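For reference, the structure is listed below as structure tokens.
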Amino acid sequence: MYKMKLLLSLFCLFIIGLTKADEGMWFLMHIDRLNHRDMQKMGLQLTAEEIYSINNHSLKDAIVQFNGGCTAEIISKDGLVLTNHHCGYDAIAELSSAEKNHLKNGFWAPSKKDELKPKSLYVRFFVRMDDVTQRILSKVTPTMTESEREKAINQEIALIEKENNEGGKYTVSVRSFFQGNEFYFFVYQDYKDVRLVGTPPESVGKFGGDTDNWEWPRHTGDFSMFRIYSDANGNPADYSTNNVPLKAKKHLKVNIKGVKENDFAMILGYPGRTNRWMPSGGIEQNVKYAYPAWVEGSKTGMDVMKKYMVQSDALNLVYASKYAGVANYWKNRQGMIDALSKFQTAKTKALQEEKFNKWANKAENKDKYGQVMTNINTYYGMTNEKSKHDNYLIMLMRSSAFGSVSRGFGKQLIAYANAEPSKRVELKAGLMDLINEFYAEAYIPAEKEILIAQLKLYTEKAKPYALAPEILKIGNNFEQYVEAAFNLSIFTSKDKLISFLEVPSEGLVKNDPIYVLSDGILSHLNTKSDELKKAQDDYSTSFRLLVEGLRVSKLAPIQYPDANSTMRLTYGKVKALPLDKRNDAKINNYTTMEGLVKKYKAGDKEFDLPVKLLEMFKNKDFGRYADAKGYMPVNFLTDNDITGGNSGSPVLNGKGELIGLAFDGNIEAMAGDVIFDSNLQRTINVDIRYVLWLIENFSGAKHIVDEMDIIQ
Ligand code: ARG
């Protein structure tokens, strides 16, 4: 019996070893040491040097961070860049009008001169990175206060940045890892002339809308395409008609042979944030206080936006991008609440903390670690209500165009008012742009309603935490207050703002009712009692010690640092989830156009499809892109470890060729940012064959596909 059990558990281990999803967002400079052998076993055919090299062109040179929040990859020698539709969404909406509605109808530039330049859009190349842990930690001592420590570290960071930016050519960023226990610097080069090359219609690029968002089985053509321009010498340059397509150091080849279960798959990109070391108290706080407020505040804003968006194409364009952004995390946070509760993640963490605490209170560790858990839990206990309160206010600011005017916008108007007349002339054009951009995304009747709804929600729900005095002052007739404030304010009228530029005065801004409200909200968010400041400092010290202690005691197995918008690699396989009745495919690791068309609902906001696409499906007009079995692939699953920010990342085969585009995660695994669950966590990707079919066959933009190196 025992033997049987042993055999059984060995067998299970073997199976788990084979099927486990692949946790880890690895640093490129550590691949050789930590991962390369494992990757080779799984099917990688590249050397570590071919992935990341500081001397030669390597894979990393084909991957860019896209406009600060997404990832993209270069797929032609002429700087063609592929990313998600939802990453290009804001630029596409900006370049659309009710008459030329590229968001709705799709767009492909017939030639390079027709490519469209959005106001601001940049891509960031990763030049190199290095470890500066020793150097930075040599400047701090255990007796320093948190602010002394921060000051010492920042001084050293400033030096490192200066030493590596080559006289301003590069942007250098020094970041902390493992909760301030390690430091690395990253050298980047930014290009800011980036133009829209093409996009599928929104019905394809955002197929399934918020209903399907974060869900599998999925059928979304989530891609859009841009091009990077440089000056004649290949250097970054402001937009100019003299700029030329960037001659990229490295571009990805595109492999259209298709994928199958257990094929090697790796993803390089810029995951935004994970919290895999988060203590149980933090998880509890999010599940019970912060996220429910986030969800409710988001929905309150979304409902008003939607009410206006359905009224016309023009109003839809005003709010489409903001709505998509708010809705995306509205659903994500609800998914996190559900998953973290269902899997009792806080309990799992609490058990680990118990073990840690035992270790921490051993005689030899007690001095250093004895207070760690107490300090951490004290801090969470003190901030639960605050986190709920703050999230209502943050969602007010995020959904209302006017909630945060005192920050950037107001400060710029004040600086303008106080500038010398000659300086004002210089600033004026920039401010005009700002005003126009602001009003491209704000419609006054909707804004009044959003603000009223958010103020009501806040005063009802954000208690027992002390409410912002500036809001309490209003009383409870929010309609009347908003009406009057909007009448008086200069921010709520484009004409008044333009007149302000003619006769500016600081007092006019500082006494403006909307400015005053916004400023009151911001300062209330930043107000902290001395007691709270002290608890927060103790928490920072203790969290750093917790992570350090978990690593030295080997109580936690995590070997890679949390995501923080620095480039990472995750590797794994094409991997099915258990069969799902909703999926039409034979193996639950891919979806097909069959399933797409089954979801189609004529005229629906989320599930409509272009008539032409339906016809091409009926005629099996799949060109060279159909699978060998005759179907048209749409999306597929891998077991890679990604998070928000990875959107648009390339999925690569063992040779480093492009097989897909990562665009989402599955809702069941929403606890993944805190704990990676290998049974659940999947990455949802667009199959590159669907992308190319949409460009070449559906949109007739063969000239774009002809720019690529296709492996078939
Ligand atoms: N969930 C995706 C991500 O965070 C974004 C998908 C956008 N689509 C949408 N229906 N809002 O990367």
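Residues 39 to 750 in my numbering are what the sequence shown spells out, letter by letter. No residue lacks a Cβ here, since even glycine has one placed at the ideal position from N, Cα and C. Please read these numbers as outputs of a predicted model, since none were measured by experiment.
N-terminal and C-terminal residue of the alpha helix (DSSP H) that residue i is part of
i    : result
P459 : 459-478
R371 : 351-380
Q719 : Counting along the chain, Q719 falls outside any alpha helix (DSSP H), and DSSP gives it neither H nor E.
S425 : 410-437
A573 : 568-590
E253 : Looking at the DSSP string, E253 is not in any alpha helix (DSSP H), and its letter there is neither H nor E.
E240 : 240-243
T312 : Per DSSP, T312 belongs to no alpha helix (DSSP H) and is neither H nor E.
Alpha-carbon spacing of residue i relative to residue j, whole angstroms
i    : j    : result
N281 : E695 : 29 Å
A739 : I509 : 54 Å
D665 : L732 : 15 Å
K230 : F516 : 43 Å
G524 : Y553 : Checking the sequence shown, residue 524 turns out to be Phe, not Gly. Taking the straight line joining both Cα atoms gives about 11 Å.
A388 : P317 : 7 Å
I130 : L234 : 8 Å
D575 : F529 : 38 Å
C108 : G144 : 21 Å
N584 : M347 : Sequence inspection shows Leu at residue 584; the Asn mentioned does not correspond to that position. Taking the straight line joining both Cα atoms gives about 48 Å.
S91  : D228 : 19 Å
W146 : Y728 : 16 Å
T85  : A491 : 56 Å
N403 : L690 : 45 Å
L489 : V364 : 15 Å
K482 : D405 : A quick correction: the sequence has Ile, not Lys, at residue 482. When rounded, the distance between both Cα atoms is 59 Å.
L46  : S716 : Caution applies to L46, whose pLDDT of 42 falls short of 50 and renders its modelled position unreliable; the model cannot decide the point.
F645 : L730 : 21 Å
K643 : D128 : 18 Å
K636 : Y160 : 38 Å
G62  : I191 : 28 Å
S437 : T579 : 34 Å
L526 : L535 : 12 Å
Y329 : Q78  : 41 Å
A275 : M340 : 38 Å
M343 : E487 : 9 Å
Own chain residues within Cβ distance below 7 Å of residue i, not counting five before or after
i    : result
C50  : Because C50 sits at a pLDDT of 39, beneath the cut-off of 50, its placement in the model cannot be relied upon, and the following sentence gives the value as read from the coordinates. Nothing listed; no residue qualifies.
N627 : E299, V612, K613, A614, F674, L675
D168 : Y222, F223
L570 : M420
Residue span of the beta strand (DSSP E) that contains residue i, given as start and end
i    : result
P671 : 671-676
S214 : 209-215
I103 : According to the sequence as given, residue 103 is Gln; it is not Ile. Residues 101-104.
A110 : 108-112
P688 : 688-690
S262 : 262-268
R166 : 161-169
D152 : Careful: D152 lies outside any beta strand (DSSP E) and carries neither H nor E.
K619 : Run containing K619: none; DSSP gives neither H nor E here.
T181 : Per DSSP, T181 belongs to no beta strand (DSSP E) and is neither H nor E.
M28  : Outside the displayed range of the chain (39 to 750) lies residue 28, so it cannot be described from this structure.
Cβ neighbours of residue i in the same chain (closer than 8 Å, five flanking residues each side left out)
i    : result
S134 : H140, L141, K142, L355
G55  : Caution is warranted here: a pLDDT of 38 is assigned to G55, below 50, making its placement in the model unreliable, and the coordinate value is therefore given only provisionally. There are no such residues.
E479 : V356, Y357, S359, K360, A439
K650 : F736
F476 : A439, F447
V292 : I113, E695, L696, I726, L730, M746, D747, I748, I749
Cβ distance (whole Å) where residue i is taken to contact residue j below 8 Å
i    : j    : result
I294 : I749 : 7 Å
G296 : G692 : Actually they are not in contact, since the Cβ atoms of G296 and G692 sit about 14 Å apart, beyond 8 Å.
H289 : A110 : Not a contact, Cβ separation roughly 12 Å.
F104 : G698 : With a Cβ gap of about 17 Å, F104 and G698 do not count as contacting.
Y780 : E391 : Only positions 39 to 750 of the chain appear in this structure, which leaves residue 780 out of reach.
A136 : A457 : At roughly 37 Å, the Cβ-Cβ gap does not stay under 8 Å, so A136 and A457 are not in contact.
Same chain only: Cβ atoms within 6 Å of residue i, ignoring 5 sequence neighbours per side
i    : result
P238 : G144, G259, L732
K393 : L593
H95  : K287, K288
Do three or more CB pairs link the region 623-638 to the region 332-348 at distances below 8 Å? By the C-beta criterion, the region 623-638 is judged not to be in contact with the region 332-348, since fewer than 3 inter-stretch pairs fall below 8 Å.
Segment contact, 8 Å Cβ cut-off, at least three pairs: the region 267-284 with the region 667-680: The count of Cβ pairs closer than 8 Å, one atom from the region 267-284 and one from the region 667-680, stays below three, leaving the stretches out of contact.
So does the region 596-607 actually touch the region 211-224, counting three or more Cβ pairs closer than 8 Å? Result yes; three or more Cβ-Cβ pairs closer than 8 Å.
Can we say the region 375-390 touches the region 537-553, given the rule of at least three CB pairs closer than 8 Å? As far as the Cβ criterion goes, the region 375-390 does not touch the region 537-553, which means the pair count is below three.
Check whether the region 607-616 and the region 58-69 touch, using three or more Cβ-Cβ pairs below 8 Å as the test. When Cβ pairs closer than 8 Å are counted between the two stretches, the region 607-616 is seen to touch the region 58-69, the count reaching three or more.
Kindly confirm or deny that the region 254-269 and the region 117-127 touch, where touching means at least three C-beta pairs closer than 8 Å. Of all C-beta pairs linking the region 254-269 to the region 117-127, three or more are shorter than 8 Å, placing the two stretches in contact.
Any contact of the region 438-456 with the region 497-512, i.e. 3+ C-beta pairs under 8 Å? With the cut-off at 8 Å, the region 438-456 and the region 497-512 do not touch.
Touch test, the region 579-599 against the region 396-412, Cβ-Cβ under 8 Å, three pairs minimum: Touching, yes, given that three or more Cβ pairs across the two stretches are closer than 8 Å.
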